[in-house]
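Numbering (the working numbering), first residue to last: -19 to 367. Note sheet for the following structure.
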């Protein structure tokens, strides 16, 4: 017997309460396009629906008191038969031009507003319920001790909550694997079927000594012919642990900050926006590990204007003014010596607000194989692969 599903647009992020202001803009643009189609003004191609299991609704409603559950179900029941098509070219263009940076700065201000004691538990409990936050592993389980939403987002974990594997490279964060694999030349996959170039993502390697920008990009990175380039993309949902750690023992030599858009980086949106990670604000940390080139990139997203690197107090993200296409470089070798900033595997490295994405791009041996497939859950310290 086939499984009953709820057909909702690709803009749905999997929770009953997970509509950010920018997602609302997407939904509205989809409604406009749907109305135009019905009036005969636009002819749309056939697009697939995004099926959402009916169980997700029942599971959420089952956690409510009986009386509230009944009232909520009457409101949500029409969604079983409603749906929008995935966004068209026009609606995607409208979304790309939404004021996501401004909305993210406003959201950041709201996050840091201290809550009165009587409001902390009700409000924060709702967030914990809505995004399935595991407070049992938090270092501070008492919600009354968190003064605002931002402190809850950036919560620390108990020392025993995560174990660092002995493998040479481990997961830097909690989240869901969006994509992993071997690069094809200087191209890597965002998701299956969509690629972007390493040069667009990392930027020109004019900070290296000696500099020769006429060489192929992999040679600019110093990748040897006996090695390969690998990439691993992890999506942090709003309920995940928002801090990230060093994935290996390495030396960070350079930091590059790309101001940019703050579009959603959810897996659904990543399937529809080409070169999404190259458009968004991001902080690229580049350096060397035992097998050669290694980089970790923290990608910003809607409501995630703040990216913090603990050892870099000069980094300021999501500023009110920025020039499109410009980036800001900082040399750790000038501050820490020729080797740069030395990080140990599992060492706390930085944090986000409200979830985002971590992209690892590194040089590795030919026999390296990832052991967690796309869509799988992963936690800080778990081995990424074997060789």
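Positions of the beta carbon are idealized from the N, C-alpha and C atoms, including for glycine. Keep in mind the model is a prediction, meaning the values are calculated, not measured.
- Taking 7 Å as the cut-off, the Cβ atoms of residue 260 and residue 243 count as close.
- For residue 100, the secondary structure class from DSSP, reduced to helix, strand or coil, is helix.
- Note that the region 138 to 150 touches the region 348 to 366; at least 3 beta-carbon pairs, one per stretch, sit closer than 8 Å.
- In the structure shown, the three-state DSSP call for residue 257 is helix.
- Per DSSP, residue 112 has no beta bridge partner at all.
- Per DSSP, residue 265 is not a residue of any alpha helix (DSSP H); the beta strand (DSSP E) it occupies stretches across 262 to 269.
- In this structure, the beta-carbon distance from residue 157 to residue 352 falls below 7 Å.
- When Cβ pairs closer than 8 Å are counted between the two stretches, the region 331 to 348 is seen to touch the region 266 to 277, the count reaching three or more.
- Taking the C-beta atoms as reference points, residue 118 is found nearer than 7 Å to residue 135.
- Classified as buried, residue 185 has 16 or more neighbouring CB atoms from the shown chains inside 10 Å of its CB.
- Going by DSSP, residue 120 is part of no alpha helix (DSSP H) at all; its letter is neither H nor E.
- Boundaries of the beta strand (DSSP E) around residue 161: 155 to 162.
- Counting the other Cβ atoms within 10 Å of the Cβ of residue 331 gives 16 or more, which makes it buried.
- Our two residues, residue 129 and residue 245, have alpha carbons roughly 21 Å apart in a direct line.
- Looking at the DSSP output, residue 231 sits in a beta bridge with 268, 322.
- Burial is judged here by how many other beta carbons sit within 10 angstroms of a residue's own beta carbon; residue 200 has at least 16 and is buried.
- Residue 177 sits away from residue 198, with the two beta carbons spaced by 7 Å or more.
- About 5 Å separates the beta carbon of residue 266 from that of residue 234, a gap short enough to meet the 8 Å contact definition.
- It is roughly 8 Å from the alpha-carbon of residue 210 to the alpha-carbon of residue 160.
- Residue 239 counts as buried, since at least 16 other C-beta atoms from the protein chains shown sit within 10 angstroms of its C-beta.
- A Cβ-Cβ separation of about 25 Å leaves residue 218 out of contact with residue 350 under the 8 Å criterion.
- The alpha-carbon of residue 155 is positioned some 16 Å away from that of residue 328.
- One alpha carbon belongs to residue 249, the other to residue 116, and they sit about 31 Å apart.
- The C-alpha of residue 202 lies about 30 Å from the C-alpha of residue 216.
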